[in-house]
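Residue 84 in this note's numbering sits at position 80 of the sequence shown; the count goes up by one each step and never skips.
Glycine is no exception: its CB is placed at the ideal position from the N, C-alpha and C atoms.
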Amino acid sequence: SATVPTPLQVNGRIAGAPDVLSYPEEVHAYMRAVEKASPRVKVFTMGESEEGREMLLVAISDERTIANLDEYRARLAALADPRRTSEAEAERLIPQTKPIYWATGAIHSPETGSPEMLMELVYRLAVDESAFVRAIRDNMIVFITPVVEPDGRAKQVDIHMARRKDPQANVPTSLLWWGRYVAHDNNRDGVAMGLKLSQHITRTF
5 SATVPTPLQV NGRIAGAPDV LSYPEEVHAY MRAVEKASPR VKVFTMGESE EGREMLLVAI
65 SDERTIANLD EYRARLAALA DPRRTSEAEA ERLIPQTKPI YWATGAIHSP ETGSPEMLME
125 LVYRLAVDES AFVRAIRDNM IVFITPVVEP DGRAKQVDIH MARRKDPQAN VPTSLLWWGR
185 YVAHDNNRDG VAMGLKLSQH ITRTF
């Protein structure tokens, strides 16, 4: 693309560069750079983590859809509630409505690849003109949350990058806690809704 920046242009390295991890702030800065350059991308703030880090929702579709997201939101809301939408009205709305596919990354801090890959995916969905990618943009709305657990991601990048910056650094090899007193079971918190990541994901849904 002559107008939309790549991860290399924004962060100084390709997405997935060997032995380098991106902080949540770097991932988010890239998403906002693509939003600024492309009418096919819109970025929303979902809320903040327990430690005050932002969670993002990135929407990608064709230009007209992104410009009229509220219309699609209203139609999806109507289709989701049969108490107020008759079968006949639903049949009328379905052809005018696009489904949403929501991809999330980095809910588990040691699983480090997804935020890197999702930067590349956002770029490709925004700029690729192949029939395959155009069909995605024309027929659905893609949502991406590149870092679901930004607190743990930031800590994971700290310990991963420490020895790269200083080979003699005395750092742990794994995290005890990812977020505020939680580790692997953060993906099961939907039962109790005790974590900000669960609350923001559910409210956004």
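- Rounded to whole angstroms, the separation of the alpha carbons of residue 167 and residue 142 is 45 angstroms.
- Counting along the chain, residue 105 sits inside the beta strand (DSSP E) bounded by residues 104 to 108.
- Restricting attention to 131, 184 and 149, the CA atom closest to the CA of residue 67 is found in 131.
- Cβ-Cβ distances below 8 angstroms link residue 43 to 67, 70 and 71 in the same chain, with the five nearest sequence neighbours on each side left out; the list follows chain order.
- Take residue 45, set aside five residues on each side of it, and the residues of its chain with a beta-carbon closer than 6 angstroms to its own are 38, 39, 64 and 130, in chain order.
- Residue pairing for residue 59: DSSP places it in a beta bridge opposite 51.
- The count of Cβ pairs closer than 8 angstroms, one atom from the stretch 165 to 185 and one from the stretch 117 to 131, stays below three, leaving the stretches out of contact.
- Annotated three-state conformation of residue 163 is helix, per DSSP.
- For residue 38, no beta strand (DSSP E) encloses it; the enclosing alpha helix (DSSP H) starts and ends at 28 to 41.
- Secondary structure note for residue 148: its beta strand (DSSP E) is the uninterrupted segment 145 to 149.
- In this structure, the beta-carbon distance from residue 154 to residue 11 does not fall below 7 angstroms.
- For residue 202, the enclosing alpha helix (DSSP H) has its first and last residue at 200 to 208.
- Of the candidates 133, 9 and 193, 9 places its Cα closest to the Cα of residue 34.
- Along the stretch 112 to 145, the alpha helix (DSSP H) occurs as fully enclosed runs of 4 or more residues at 117 to 131 and 135 to 143, listed in sequence order.
- Our two residues, residue 94 and residue 179, have alpha carbons roughly 49 angstroms apart in a direct line.
- As computed with DSSP, residue 70 is found in no beta bridge at all.
- As DSSP reads the structure, residue 46 sits in a beta bridge with 63.
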